[in-house]
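This note's numbering numbers the first residue of the sequence shown as 70 and each following residue consecutively.
One structure is given below, encoded as C-alpha cells.
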Amino acid sequence: MQNKTIYINALLDRYGTLLTKKQLHVCNLYYVEDLSLAEIAELESVSRTAIHDIIKRSEQLLLKYENKLKIYESFLKRMKLYKEIKSIGDKEIINLIDKCIDTEI
C-alpha cells in the first residue's frame, strides 16, 4: 500500500489541479493527511461508500492522465540521468545538476 500511496501522491502533485476541488480535497485527506475513509466520511457528512467512490474515480483519472502525458515517468527518467551524471564527480557538474534537480521538485 505504501508504494501505491507514494505513487498516487506523486500523481496528485502533477495532475491534482485537473481533478475537481472535491476530488482533490478528498484525495489530499486520504493520501496526504492519511485519514481513513470513515474519518473523511464523517468530516464531509457523506457515506464511507461515497468517499470510496470519489477516491477510486480520482485514482482512475490520475492514472489516465499519467498514461497519456507521462509527466511522472519522464521525471523519473530525468532523475536517473541526473544521478548518473553526478556520479562523474566533477564539482561544477554536480552543482549544475543540483540546480536542475531543484527545478524539478
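In this text, a Cβ means the ideal position worked out from N, Cα and C, and glycines have one as well.
Quantities reported herein were computed from a predicted structural model and do not represent experimental measurements.
Pair within 8 Å by beta-carbon distance, residue i and residue j
i, j, result
"I170", "Y151", "yes"
"A110", "A119", "yes"
"I77", "L131", "yes"
Limits of the alpha helix (DSSP H) - the one that residue i falls within
i, result
"E111", "L106 to E113"
"I123", "R117 to L138"
Reduced DSSP secondary structure (H/G/I, E/B, other) of residue i
i, result
"L145", "helix"
"T89", "coil"
"I166", "helix"
"E173", "helix"
"D103", "coil"
"I154", "helix"
"D159", "coil"
Give a yes or no on contact between the stretch 82-101 and the stretch 114-123, applying the rule of three or more CB pairs nearer than 8 Å.
yes
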